[in-house]
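Okay, so the sequence shown: first residue is 226 according to this note's numbering, each after it adds one. Let me begin by presenting the structure, written as C-alpha cells, before commenting on it.
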Amino acid sequence: ERAKGLGSLSGQLVARWGLADLAEISDQPDEAMVQLSDIMTKFMEEGEVVPDMVKQRVAKLTEVQ
C-alpha cells in the first residue's frame, strides 16, 4: 500500500513479488498468480514494459496448474 501511495512502480513490483513468494510457500499458487497479474496490469496501465522476470514467473505458474 505504501508503494501505491508513493506511485512507485518498482516498489509495487517488489511488494507484489514478495506476496507472490509467500503465496507459493503457503501452497497457494492461485494467490501468487493474482499478485503477479496485478503488477502486470499496473505496468500496462502505466504504459511500461512488463519485466521479463514477471512474465517468466507467470508462465511457470501457468505450467504448474
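In this text, a Cβ means the ideal position worked out from N, Cα and C, and glycines have one as well. None of these values were measured; they are calculated from a predicted model.
Which whole-angstrom value describes the C-beta separation of residue i and residue j, a residue pair presumed to lie in contact below a C-beta threshold of 8 angstroms?
i	j	result
Val239	Leu261	Going by Cβ atoms, the distance from Val239 to Leu261 rounds to 13 angstroms, so no, they are not a contact pair.
Leu234	Glu271	6 angstroms
Val283	Met269	13 angstroms between Cβ atoms; not a contact.
Shortest alpha-carbon distance to residue i belongs to which of the options?
i	options	result
Gln237	Gln281, Ala284, Pro276, Thr287	Pro276
Lys285	Ala257, Leu234, Glu273	Ala257
Arg241	Asp252, Arg282, Asp263	Asp263
Thr287	Glu273, Lys267, Pro254, Val274	Pro254
Can you look up residue i in the DSSP assignment and give me helix, strand or coil?
i	result
Ala228	Reliability of the predicted coordinates at Ala228 is poor, the pLDDT of 47 falling under 50, and the value obtained from them is presented with this limitation in mind. Three-state result, Ala228: helix.
Item checked: Length at least 4, wholly inside the segment 234–290: the alpha helix (DSSP H) runs in chain order -> 234–250, 254–270, 277–289
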